[in-house]
Amino acid sequence: MWLLLSPTALEASFLRGEPFSFLGRKGLRGEGFVWLETGIGKVNVALTLAAWASRNPVEKALLFGIAGAYPGSGLLPGDVVLVGEEVEADLGTQEGLKPLGFPALEVEGKAYYNCFPLDSGLTRALAQVLDLQVVAGLTRDRVSETPGEAEALASRWGAQLESMEGAAFARACLALGIPGVEVRAISNPAGVRDKGAWRIPLAVRTLEGTLAPILGGAFPEGLQG
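Using this note's numbering, you'd call the opening residue of the sequence shown number 5 and step up by one each time.
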């Protein structure tokens with residue numbers, strides 16, 4: 005069974021199931037999945053995942069939602085991608101935690117500073133089945149406010165898209181030993197705050213089309229919900 009997470013209910017408006025509440029936010033129990041609204045930002049998604057996993061077994065988790073595309077990424081509104089690695093860019097110094105000498109996480113002898121991988125096997129399998137590109141994501145609690153800021157972040161960290169939750173989800177999955185994957189639909193250019201340039205309904209529609217095979221069980225054994 006999949007544990008599905010999205011920052012807002014809007015991003016999951018196409019899901020159908022039995023409603024319930026968890027941590028004061030919306031949830032659904034559907035066929036082959038449980039979905040939770042996490043709230044926006046790093047703390048909310050990590051807290052929701054950890055709280056649910058402390059009370060329920062989690063076989064595999066999928067974070068999905070909208071995101072901004074960085075300049076030069078080639079990604080356009082409506083494009084859907086898998087995220088293979090997430091960067092927590094506002095942790096530590098401008099260059100990250102490593103200059104301070106303190107890892108954010110250590111798992112099985114491996115130190116993680118600002119970069120956190122999603123589950124590689126599950127990501128590769130979904131990429132093949134869904135025919136999706138795998139990109140690098142960047143996460144901050146404060147989003148880029150100008151194209152110049154977005155371009156500088158993309159160049160510094162080698163990322164293609166920006167969100168407010170991805171790195172916290174990836175980091176929590178590593179810490180908890182949960183296979184985690186992330187799907188994002190592009191809704192806007194990162195750093196563009198004019199909502200006239202955003203295409204949120206389009207991004208949500210493409211998310212629905214992408215997740216439909218997952219929820220419909222159209223996967224080889226082991227990937228189905």
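Built from N, CA and C at the ideal position, the CB exists for glycine as well. Every value quoted in this text rests on a predicted model; they were computed, and no experiment measured them.
Your pair Glu89 and Pro121 checks out as a contact, with CB atoms roughly 5 Å apart and the cut at 8 Å.
Counting along the chain, Pro205 sits inside the alpha helix (DSSP H) bounded by residues Ile204 to Leu219. Beta-bridge partners of Asn192 (DSSP): Gly72.
Going by DSSP, Glu166 is part of the beta strand (DSSP E) stretching over Leu165 to Ser167.
For Ala140, the uninterrupted beta strand (DSSP E) run begins and ends at Val138 to Thr143, by DSSP. For Pro23, the secondary structure class from DSSP, reduced to helix, strand or coil, is strand.
By alpha-carbon distance to Cys119, the top candidate from Glu99, Gly43, Ser77 and Ala131 is Glu99.
Annotated three-state conformation of Pro121 is strand, per DSSP.
Assignment of Arg197 by DSSP, reduced to helix, strand and coil, places it in the coil class. Sorting Arg160, Gly113 and Pro107 by C-alpha distance to the C-alpha of Ala93 places Arg160 at the top. When secondary structure is reduced to three states using DSSP, Glu63 falls in the coil class, being assigned neither helix nor strand.
Excluding sequence positions up to five before and after Ile204, its CB lies within less than 7 Å of the CB of Ile70 and Ser191, all in the same chain and listed in chain order. Out of Phe26, Val62, Gly78 and Gly162, the CA that lies nearest to the CA of Gln137 is found in Gly78. Residue range Lys114 to Tyr116 is occupied by the beta strand (DSSP E) that includes Ala115.
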